[in-house]
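Just add 255 to wherever you are in the sequence shown, counting from 1, and you've got my numbering. For glycine and all other residues, C-beta sits at the position ideal for the given N, C-alpha and C.
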Amino acid sequence: MKSTNVCPVCGSFDINLFLKTKDYFLTKEEFSLLKCDQCGYLSTDPVPTEKELPKYYNSDQYLSHTAANKGVLNRIYEVLRTINIKRKYTLIKSYKPIGSILDIGCGTGELLNYFSSHHWSTKGIEPNREARELAQNSYHLDVDDEPQLSNFSPESYDVISMWHVLEHVPDINQRIIQVIKLLKRDGIIMIALPNNNSFDSMKYGAFWAGLDVPRHLHHFNPSSFSVLAKKHKLKIIDIIPMKMDAYYVSLLSEKYQNNSFPVFRAFITGFISNLKGAKSNNYSSMIFVMKKE
């Protein structure tokens, strides 16, 4: 494990303890969230080393890396994923009717398969070997391991997407630089992230499933992410809510607290979160649509 003493977003050393929490999903180990008092960015502390990190993903229940359909949560996830795939396609098509897409953290490839079936040129990056092989074998997709990113040709893609991926990446600045290099001059970047300023985040606090420590190393809200985007000369052209995330994240959070009637309680919280998000633009998860300045 290693600790952070400088903010990777704004470079400030003004970092203080914000919250103590646990890996409620898997190991039950304790972690802290450190807050940069300059830009509001939160970081997980301590950060697992490269050797330690795989054990925190070593679970059949880690949904983004499995195609299995077991249990209530998995079934809910599968339904939401199918709906989200169509919504993501429609959203991207509103900016780029057709072209090439690179999906970083593509999992088992369902999104890329949908784009491929609509005549897009597709490329995927997936660090998990099992998920990568499923994408390759099930959908015949062109999916590489993460280190291959540095070998791709510059300005090759019309769209580069990271759906709940950037928060997992150890070096966020290096990743943003890589993405900018691979993006065409008139291309767009879509990055989806949990929002730690949402109502459900505030309600559940240390139990909020959107924290997902230590798999999530970085924690953003619209304000802190805009600092990161500006730093890399990216212009945010739209911020799109992911309204269904409020319900799913609330359901996980209820389960972490062992509350009775978790589905009902999660529905109420998700509904309130989206209602408040409509007024404050602080939804549970948000998609940042960006282009080069």
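- Of 288, 369, 361 and 408, the smallest CA-CA separation from residue 389 is found for 361.
- If you draw a straight line from the Cα of residue 523 to the Cα of residue 331, it comes to about 17 Å.
- Excluding its 5 nearest sequence neighbours in each direction, residue 510 has C-beta neighbours in its own chain below 7 Å: 517, listed in chain order.
- According to the DSSP secondary-structure assignment, residue 355 is paired through a beta bridge with 376.
- By the C-beta criterion, the segment 533-545 is judged to be in contact with the segment 491-510, since at least 3 inter-stretch pairs fall below 8 Å.
- Nearest Cα to residue 265 within the set 401, 487, 335 and 500: 487.
- Under DSSP, residue 300 forms a beta bridge with 287.
- Here residue 419 carries a coil assignment [DSSP, helix/strand/coil].
- DSSP places residue 479 in the uninterrupted alpha helix (DSSP H) bounded by 477-486.
- Looking at the DSSP output, residue 493 shares a beta bridge with 544.
- The shortest CA-to-CA distance from residue 514 to any of 414, 471, 275 and 459 is the one to 459.
- Excluding its 5 nearest sequence neighbours in each direction, residue 450 has C-beta neighbours in its own chain below 8 Å: 456, 465, 475, 476, 477, 537, 538, 539, 540 and 541, listed in chain order.
- Within the DSSP secondary-structure output, residue 412 pairs in a beta bridge with 438.
- The C-alpha of residue 271 lies about 21 Å from the C-alpha of residue 423.
- Here DSSP, grouped into helix, strand and coil, assigns residue 256 to coil.
- In the structure shown, residue 309 falls within a helical segment according to DSSP collapsed to helix, strand and coil.
- Each of 443, 302, 334 and 436 was checked against the Cα of residue 407, and the nearest Cα belongs to 436.
- For residue 275, the beta-bridge partners assigned by DSSP are 287.
- Taking 8 Å as the upper bound for CB-CB distance, residue 447 and residue 497 are in contact here, some 6 Å apart.
- When C-alpha distances from residue 261 are compared across 276, 279, 290 and 282, the shortest belongs to 290.
- In this structure, residue 379 sits away from residue 404, with a CB-CB distance that is not shorter than 8 Å.
- With contacts defined as CB atoms closer than 8 Å, residue 355 and residue 413 qualify as a contacting pair.
- Taking C-beta atoms as the reference points, residue 288 and residue 304 fail to come closer than 8 Å.
- Residue 438 is a Cβ neighbour of residue 547, given a cutoff of 8 Å.
- With respect to residue 302, residue 421 sits apart: the two C-beta atoms are not nearer than 8 Å.
- The beta-carbon distance between residue 468 and residue 259, rounded to whole angstroms, is 13 Å. This is too long to meet the 8 Å contact definition.
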